[in-house]
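Notes for the one structure printed next.
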Amino acid sequence: MKNIAIIGSGSWGVALAIHLARCGNYIKIWSFSENEKDLINHERKCKFLPNVEIPENIECFTDFKDVIEDAEYILHVTPSKFTRDTFKQYKQYVGQKPVIICSKGFEKNTLKTLDEVLEEELPGVRIGVLSGPSHAEEVSVAVPTVLVIASKEQEILNEIQDTFMCPEMRIYTSNDVKGVELGGALKNIIAFCAGVASGIGLGDNTFAALITRGLGELTRLGVALGGEKDTFYGLSGLGDLIVTCLSEHSRNRKAGKLIGQGKTLEEAKKEVGMVIESIDNIEVAYELGKIYNVYMPIVETVYQVIYEKLDPKVAVNNLMTRAKKSE
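When you line the sequence shown up against the numbering used here, it's residues -13 to 313, in that order.
If you want it as structure tokens, here you go:
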């Protein structure tokens, strides 16, 4: 049995806690909310996963020291925009404990990946990145799921693989930290676009084209940022792209669908009710594409839809009528 700390009491943090608890581990979750702490500890419920009962070997706290002090490693599962501020509050307790990044996104104002944020705040911190096609709603009820753990340290790879693997979850390993992290972050953008396409009533032909050409764009940018090309055709790239683009579980797809139906960005955020990583990621990818001179017509067009009020139907026409080129 392992003692594991999870920073973040949202749907993904709690789903991972439930999975690890089923595997026989003892889990402490940190939450910023007293109400969420009480709901987990006393009612054995999570407001984001209302149909799931929290196992008894999970406890929730609002004090970082209580959560981290006896843990063997830390899973960081806060929205990306809160990563730096949250990490600053608990980095004094990390020591040599590995920190496994389970969030997917960038730091918007610096354009940094989350591993870069942690390294900047605590040089020498031991890092892993867990990613892949996974909805919290399904992991929490033991639907078979396959993920990838990336780290430069073999010890971390072995530890996470051994701890997480059981009949309902399979874990692969990778040394490409940057590629695995970028695949998970960039796919949210294409999922948002898939939602827009759904919202304006487009069909399977469009979704197939969007996923294929979108994968090309995120791969080009990911390689420019230091990832390995093959990684983007694996679980954290293509795999996560498929599950997020095609599932109604995806909050990024749902937000895009609402935009396609004519809702404003603020209305979409309110209706989804949880952090929508793709919104910030689109702006970051757009800026990075310009910096690294990466051709990304889908990203550029969805940026115009969100930030320049381009009509989604006009956006589709613009993409379809670009100059001819080879695949």
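For each residue, glycine too, the CB sits at the ideal point set by N, CA and C.
This structure is a prediction, so every number in the text was calculated from the model and none was measured.
May I ask you to check if the CB of residue i is nearer than 8 Å to at least one heavy atom of the ligand COA?
i: residue 270; result: Absence of the ligand COA from the depicted structure is noted, as is the absence of any ligand whatsoever, leaving it without description.
Flag this pair as yes or no: are the beta carbons of residue i and residue j separated by less than 9 Å?
i: residue 204; j: residue 223; result: yes
i: residue 55; j: residue 79; result: yes
i: residue 258; j: residue 237; result: yes
i: residue 164; j: residue 99; result: yes
i: residue 40; j: residue -7; result: no
i: residue 104; j: residue 274; result: no
i: residue 196; j: residue 231; result: yes
i: residue 35; j: residue 126; result: yes
i: residue 142; j: residue 298; result: no
i: residue 21; j: residue -13; result: no
i: residue 194; j: residue 242; result: no
i: residue 272; j: residue 285; result: yes
i: residue 123; j: residue -3; result: yes
i: residue 87; j: residue 108; result: no
Return the chain-ordered list of same chain residues with a C-beta closer than 7 Å to the C-beta of residue i, the five sequence neighbours on each side being excluded.
i: residue 102; result: none
i: residue 50; result: 16, 75, 76 and 79
i: residue 64; result: -7, -6, 72 and 89
i: residue 94; result: 67, 266, 269 and 270
i: residue 215; result: 205 and 209
i: residue 192; result: 183
Taking 8 Å as the limit between beta carbons, can you name the residues of its chain near residue i, skipping five residues before and five after?
i: residue 57; result: -11, -10, -9, 14 and 83
i: residue 234; result: 240
i: residue 290; result: 296 and 301
i: residue 314; result: Coverage of the chain is limited to positions -13 through 313, which leaves residue 314 absent and any answer about it impossible.
i: residue 111; result: 77, 80, 85, 104 and 105
i: residue 255; result: 241, 262 and 265
i: residue 19; result: -5 and 48
i: residue 282; result: 203, 206, 207, 271, 272 and 275
i: residue 312; result: none
i: residue 29; result: none
i: residue 253; result: 244
i: residue 306; result: none
Hey, residue i and residue j are a contact pair by Cβ (cut 8 Å); roughly how many whole angstroms apart?
i: residue 5; j: residue 155; result: 6 Å
i: residue 211; j: residue 168; result: 6 Å
i: residue 225; j: residue 118; result: 6 Å
i: residue 304; j: residue 287; result: 6 Å
i: residue 300; j: residue 217; result: Wrong, their Cβ atoms sit about 34 Å apart, outside the cutoff.
i: residue 128; j: residue 8; result: 7 Å
i: residue 114; j: residue 171; result: Not a contact, Cβ separation roughly 16 Å.
i: residue 62; j: residue 85; result: 6 Å
i: residue 162; j: residue 202; result: Between residue 202 and residue 162 the Cβ distance is about 18 Å, and since that is not below 8 Å, they are no contact.
Give me, in chain order, the residues of the same chain whose beta-carbon lies closer than 6 Å to that of residue i; leave out the 5 immediate sequence neighbours on both sides.
i: residue 239; result: 177, 180 and 181
i: residue 32; result: 0
i: residue 25; result: 31
i: residue 158; result: 134
i: residue 219; result: none
i: residue 173; result: 226, 227 and 230
i: residue 278; result: 210
i: residue 130; result: 154
i: residue 3; result: -8, 13, 15 and 44
i: residue 53; result: -9, 14, 16 and 47
i: residue 38; result: 126
i: residue 160; result: 134, 136 and 166
i: residue 23; result: 17, 46 and 48
Could you confirm whether any beta carbon from chain D is found closer than 9 Å to the beta carbon of residue i?
i: residue 301; result: No chain D appears in the structure shown, which is made up of a single protein chain.
- In the region 49 to 110, which residue ranges form an unbroken beta strand (DSSP E) of at least 3 residues, counting only runs that do not cross its ends? Restricting attention to beta strand (DSSP E) runs no shorter than 3 residues, the region 49 to 110 encloses them at 59 to 62 and 85 to 87, ordered along the chain.
- Specify whether the region 43 to 52 and the region 131 to 148 touch according to this definition: at least 3 beta carbon pairs, one from each stretch, less than 8 Å apart. Too few Cβ pairs lie closer than 8 Å, so no.
- Segment contact, 8 Å Cβ cut-off, at least three pairs: the region 169 to 178 with the region 257 to 277: With a cut-off of 8 Å, the region 257 to 277 and the region 169 to 178 count as touching, because enough Cβ pairs lie within range.
- Query: Are there three or more Cβ pairs, one per stretch, closer than 8 Å when the region 145 to 155 is compared with the region 246 to 255?
  - Reply: By the Cβ criterion, the region 145 to 155 is not in contact with the region 246 to 255, since fewer than three pairs of Cβ atoms, one from each stretch, lie closer than 8 Å.
- Item | Complete alpha helix (DSSP H) runs within the region -7 to 30 (minimum length 4 residues, chain order) | Listed in chain order, the complete alpha helix (DSSP H) runs (minimum 4 residues) inside the region -7 to 30 are -3 to 8 and 20 to 28.
- Fully enclosed by the region 100 to 182, which beta strand (DSSP E) runs are 3 residues long or longer? Taking only runs of at least 3 residues, the beta strand (DSSP E) segments lying wholly in the region 100 to 182 are 113 to 117, 131 to 137 and 155 to 160.
- At what residue ranges does the region 197 to 272 contain a whole run of the beta strand (DSSP E), taking only runs of 3 or more? If we require 3 residues or more, the region 197 to 272 turns out to have no beta strand (DSSP E) run fully inside it.
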